[in-house]
Amino acid sequence: MTIQTIKTTPYGDQKPGTSGLRKRVTVYSQPNYVENYIQAIFDSLEGFEGQTLVIGGDGRFYNDVAIQKAIRIAAANGFGKVLVGQGGILSTPAASHVIRHYKAFGGLVLSASHNPGGPEGDFGIKYNIGNGGPAPEKNTDAVFERTKVIDSYKTVDAADIDLGAIGMQTVGDMVVEVIDPVTDYAALMQTLFDFDAIKALFAGGFSMTFDAMSAVTGPYAHAILEGILGAPKGTVKNGEPSPTFNDGHPDPNLVYCKDMYELLMTEAGPDFGAASDGDGDRNLIIGKGRFVTPSDSLALLAANAHLAPGYKKGIAGIARSMPTSAAADRVAEKLGIEMHETPTGWKFFGNLLDAGRVTICGEESAGTGSDHVREKDGLWAVLLWLNILAVRKQSVDQIVREHWATYGRNYYTRHDYEEVDAAIAGKLVEDLRAQLPALPGQNFGEDLQVAYADDFTYHDPVDGSTSAKQGIRIGFTDGSRIVLRLSGTGTVGATLRLYLERYEAAGGSHDLETQSALQPLIELADQLAGIKQRTGRTEPSVIT
Ligand code: G1P
Ligand code: ZN
381 MTIQTIKTTP YGDQKPGTSG LRKRVTVYSQ PNYVENYIQA IFDSLEGFEG QTLVIGGDGR
441 FYNDVAIQKA IRIAAANGFG KVLVGQGGIL STPAASHVIR HYKAFGGLVL SASHNPGGPE
501 GDFGIKYNIG NGGPAPEKNT DAVFERTKVI DSYKTVDAAD IDLGAIGMQT VGDMVVEVID
561 PVTDYAALMQ TLFDFDAIKA LFAGGFSMTF DAMSAVTGPY AHAILEGILG APKGTVKNGE
621 PSPTFNDGHP DPNLVYCKDM YELLMTEAGP DFGAASDGDG DRNLIIGKGR FVTPSDSLAL
681 LAANAHLAPG YKKGIAGIAR SMPTSAAADR VAEKLGIEMH ETPTGWKFFG NLLDAGRVTI
741 CGEESAGTGS DHVREKDGLW AVLLWLNILA VRKQSVDQIV REHWATYGRN YYTRHDYEEV
801 DAAIAGKLVE DLRAQLPALP GQNFGEDLQV AYADDFTYHD PVDGSTSAKQ GIRIGFTDGS
861 RIVLRLSGTG TVGATLRLYL ERYEAAGGSH DLETQSALQP LIELADQLAG IKQRTGRTEP
921 SVIT
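Position in the sequence shown counted from 1, then plus 380, gives you the working numbering.
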């Protein structure tokens, strides 16, 4: 095999964000852009000679091109084997499982998650370490440093591999094995959940609709829900992965799944609705007449996890990202287990999961998962919900209401201002940060007294690392919170995320409309940060 060393020049913008390097396809298709980044990842790793690398993606436009490049660079750099999903497909949680299951050195997850795809859409590359989870900040920082000075990459002169053919092929001295993307993942799910109980639920007439959003979960949902669990054909909608997500926006929220939401709000609609995103790690859960916020879903899953065989011994602890509502904290308190508040992004859960300190993790951005993999997992959340519904024999609405009656309700919403001028957004955050020291003790309106105001710093209890400037938190004495941060996954301008939360104790009013319940906080956030005035926007781009 001839290894070629190709000269290149650095790009200045290859800084990994919340979840790998996400850029427009037009950016990724520049000469050597992919090559530089992948070589920089390998340059910042040690000890992978002869080891296995997993490669998989969400099937979006450019996936196949990037995979062929990645395989050749991996061969030239000395990996012994690449495991790749058939058709280049592996959902993000399935990739995490495959890395763990086959004890791979690490993996490349090619995805821009819920961002739109296509030639004008987004693409992304994320490196996951041997525990199956996203590389921690110390690795991603090292990769960024390397991208700034990279002057060559290694590749081999070899033909493309046939991504359609299950089995072994070779590229140079390296073996490439194309595997079925679903089999291992489905087997893992079978160890966690009571599939017989869920089968009986469907056999008893329970109706469900699952929107795969023309993204990666289609094959998984067809095989597991309609295949193994016997849900009627047609339960899975948009189940064929498309490189452009059929020109859709594969983000399972109330904006992009509006039709499903409206269907679930009618008497004639199904009992249960769910959806997953571009790469299969996010989930949307809607019961008949009841949307479950991701923060509530985390709390509910944690409180009921013991009903599924995989968690019957109980959970060790819960972790949530800082902007996620404190609903799960109340569950942890009641169960007497550890509770952790981490910065945004799944990579911060890895250490806690590895150390066995938490079992279930979640983010307000429709991400929930457990220690079965090291990524959030959309279908896992759907299956755990189905398992709970099968055991409790109640509707989603009843289960949610009982939860609030026990723990109280955390009203919660997120307002996103997308594609804001980056300089304006940066200044807004800076000016708000400057106000923080003076806020504690101040009263706003009749009920709101500031208890604390800071820019969140996380101290990882496992490895002792510190992550500063992770978002502004203004907490009030009644448990309400205003959180503001800039997105780390956007690809154009800045996205300002404003998170609002209000706690209503058990016995309080749990039937208010969410936006009205949070109106005083929404107004106060604008008063303090000047969002409307500075951005010129009269309303958020997306409300979830
Ligand atoms: C967003 C979400 C975050 C999630 C990430 C990757 O990041 O807010 O919770 O982990 O996508 O799916 P952000 O754009 O806010 O940095
Ligand atoms: Zn995703």
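Think of the CB as a built atom: it goes at the ideal place given N, C-alpha and C, for glycine as much as any other residue.
- Message: Give me the DSSP bridge partner(s) of Ser424.
- Response: DSSP lists no partner for Ser424.
- Since Arg452 is in the alpha helix (DSSP H), which residue starts that stretch and which ends it? Asn443 to Asn457
- Which parts of the region 536–570 are runs of the beta strand (DSSP E), unbroken and 3 residues or longer, counting only runs that do not cross its ends? 547–551 and 554–559
- Item | Asn823 classed as buried or exposed, judged by whether at least 16 other C-beta atoms fall within 10 angstroms | exposed
- Task: Within its chain, find whatever has a CB closer than 7 Å to the CB of Thr472; leave out the 5 residues flanking it on each side and keep chain order.
- Result: Val489, Ser491, Asp659, Gly660, Asp661 and Glu755
- Message: I'd like to confirm something about Gly437: is its beta-carbon nearer than 8 Å to some heavy atom of the ligand ZN, or not?
- Response: no
- Message: Closer than 8 Å to a non-hydrogen atom of the ligand G1P - does that hold for the CB of Ser493?
- Response: yes
- For the beta strand (DSSP E) containing Lys387, list its first residue and its last residue. Ile383 to Lys387
- Query: Would you call Gly896 buried or exposed, if buried means 16 or more other Cβ atoms sit within 10 Å of its Cβ?
  - Reply: What sits at residue 896 in the sequence shown is Ser, not Gly. Ser896 is exposed by the Cβ-count criterion.
- Task: Could you name the residues of the same chain whose beta carbon sits closer than 7 Å to that of Gly619, not counting the 5 residues immediately before and after it, in chain order?
- Result: Ala592, Gly598, Ala601 and His602
- Under the assumption that Leu898 contacts Tyr791 (Cβ atoms under 8 Å), give the Cβ distance between them as a whole number of angstroms. 6 Å
- DSSP on Pro514, reduced to helix/strand/coil? strand
- Task: Confirm, please, whether the CB-CB distance from Val434 to Val462 is below 9 Å.
- Result: yes
- Message: For the pair the region 580–589 and the region 498–511, tell me if three or more CB-CB distances fall below 8 Å.
- Response: no
- Query: If you measure from the CB of Thr657, is any heavy atom of the ligand ZN nearer than 8 Å?
  - Reply: A small correction: the amino acid at residue 657 is Asp; Thr does not occupy that position in the sequence shown. Yes, the ligand ZN has a heavy atom inside 8 Å of this Cβ.
- Message: Bridge partners for Gln829 per DSSP, in chain order?
- Response: Asn823
- Paired residues, beta bridge with Cys637 - DSSP: Beta-bridge pairing links Cys637 to no other residue.
- Option in Arg402, Gly669 and Lys387 with minimal Cα separation from Gln394: Arg402
- Message: I'd like to know if the region 451–459 and the region 552–560 are in contact, where contact means that at least 3 CB-CB pairs between them fall below 8 Å.
- Response: yes
- Message: At a threshold of 8 Å, does Gly660 count as lining the ligand ZN (C-beta to nearest heavy atom)?
- Response: yes
- Query: Would you call Glu647 buried or exposed, if buried means 16 or more other Cβ atoms sit within 10 Å of its Cβ?
  - Reply: exposed
- Message: My output table needs one value for Gln932: the three-state DSSP class, helix, strand or coil.
- Response: Nothing about residue 932 can be read from this structure; the chain reaches only from 381 to 924.
- Item | Rounded Cβ spacing between Ser399 and Gly758 (contact assumed at less than 8 Å) | Not really, about 15 Å apart at Cβ, beyond 8 Å.
- Query: Hey, would you say Ser701 sits closer than 9 Å to Gly742, going by beta carbons?
  - Reply: yes
- Drop a sphere of 10 angstroms on the beta-carbon of Thr857, count the other beta-carbons inside from all chains shown, and report buried for 16 or more, exposed for fewer. exposed
- Message: On a Cα-Cα basis, can you pick out the residue from Val523, Asp438, Pro514 and Asp537 that is closest to Ile383?
- Response: Asp537
- Based on the DSSP secondary-structure assignment, which residues constitute the bridge partners of Tyr533? Ile386
- Query: Under a Cβ-count criterion, where at least 16 other Cβ atoms within 10 Å of its own Cβ denotes burial, should Glu884 be classed as buried or exposed?
  - Reply: buried
- Item | Whole-angstrom distance between Pro820 and Arg794, CA atom to CA atom | 23 Å
- Query: Sorted by chain position, which residues of the same chain lie with C-beta nearer than 7 Å to Ala545's C-beta, five sequence neighbours on each side aside?
  - Reply: Val558
- What are the start and end residues of the alpha helix (DSSP H) that includes His720? Unbroken run through His720 is the beta strand (DSSP E), Glu718 to Thr722; no alpha helix (DSSP H).
- Simplified DSSP assignment, three categories, for Ser491: coil
- What's the call for Ala654, buried or exposed, on a 16-neighbour Cβ count within 10 Å? buried
- Message: Using a Cβ distance threshold of 8 Å, determine whether the region 604–612 contacts the region 556–574, with at least three qualifying pairs required.
- Response: yes
- Query: Taking the alpha carbon of His494 as the point to measure from, which residue in Tyr797, Tyr413, Ala707 and Thr624 has its own alpha carbon closest?
  - Reply: Thr624
- Applying the criterion that 16 or more other CB atoms from any shown protein chain within 10 Å of the CB defines a buried residue, is Ser889 buried or exposed? exposed
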